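S.K.:
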């Protein structure tokens with residue numbers, strides 16, 4: 002379990018309030034974060050490992066009412082919205098991870114098969130500078146890999162797939178004249194290799 006009590010939390014956001022794209026930093030007067038983390042690692046055999054994790058998070062602004070001089074709509078007029086009670090950016094209420102790992106000896110080397118799935122509940126992606134709310138729906142992400150490790154780990158070769166579901170996951174968003182959205186990587190696959198000197 003954990004608890005964080007922030008005073009004067011600083012937040013940065015891309016905005017066009019200065020007549021062009023610029024980074025705006027404001028102080029969120031108060032914010033609180035409460036959470037519970039549960040982790041477990043099970044090893045039924047010396048070759049097979051199971052990983053489990055569950056997280057609950059309650060992250061919200063207690064006081065936050067930023068105001069900016071609006072130079073692009075109505076000069077010299079200040080606008081403000083109170084974010085008190087709203088969740089912090091990219092703070093899902095629930096998240097969990099489940100993974101398995103299996104090792105097969107091959108001579109003096111080994112082959113390692115690994116699979117992991119993670120999930121997050123819906124979370125808010127807020128454009129604080131322009132007072133806009135977006136939501137990332139609940140989503141899962143599954144990663145798979147198959148790795149050959151040479152004797153004494155002198156080198157390895159791995160095939161992998163990440164974001165197997167190819168889910169579109171928003172990591173950031175901004176509105177206004179220079180609005181944009183950023184996403185996590187789509188489905189990615191390939192081969193990695195490395196060695197030790």
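In my numbering, the protein residues as written are 2 to 198.
Even for Gly, the Cβ is constructed at its ideal location relative to N, Cα and C.
In this text, all values refer to a predicted model and were calculated from it rather than measured experimentally.
Would you list the one or two residues that DSSP bridges to residue 55?
M.R.: Paired residues: 39 and 97.
S.K.: Considering only DSSP beta bridges, list what residue 90 is partnered with.
M.R.: Residue 90 is not bridged to any residue.
S.K.: Could you give the distance in angstroms between the alpha-carbon of residue 47 and the alpha-carbon of residue 197?
M.R.: Cα to Cα, the separation comes out at about 25 Å.
S.K.: Mapping the DSSP letters down to three states, classify residue 106 as helix, strand or coil.
M.R.: Strand, per DSSP.
S.K.: Can you list, in chain order, the residues of its chain with a C-beta nearer than 6 Å to that of residue 156? Leave out the 5 residues immediately preceding and following it.
M.R.: Only 196 meet the Cβ criterion.
S.K.: Can you give the Cα-Cα distance for residue 181 and residue 172, rounded to whole angstroms?
M.R.: Rounded to whole angstroms, residue 181 to residue 172 spans 11 Å at the Cα level.
S.K.: Hey, how far is the Cα of residue 85 from the Cα of residue 32?
M.R.: In a straight line, the C-alpha of residue 85 is about 9 Å away from that of residue 32.
S.K.: Can residue 190 and residue 162 be called in contact, C-beta distance under 9 Å?
M.R.: Taking 9 Å as the Cβ cut-off, residue 190 and residue 162 qualify as a contacting pair.
S.K.: Helix or strand or just coil, what does DSSP make of residue 1?
M.R.: Residue 1 lies beyond the stretch modelled for the chain, which goes from 2 to 198, so this question has no answer here.
S.K.: Which residues in the same chain as residue 51 place their Cβ atom closer than 6 Å to its Cβ, once the five residues preceding and following it in sequence are excluded?
M.R.: The answer, listed in chain order, is 43 and 101.
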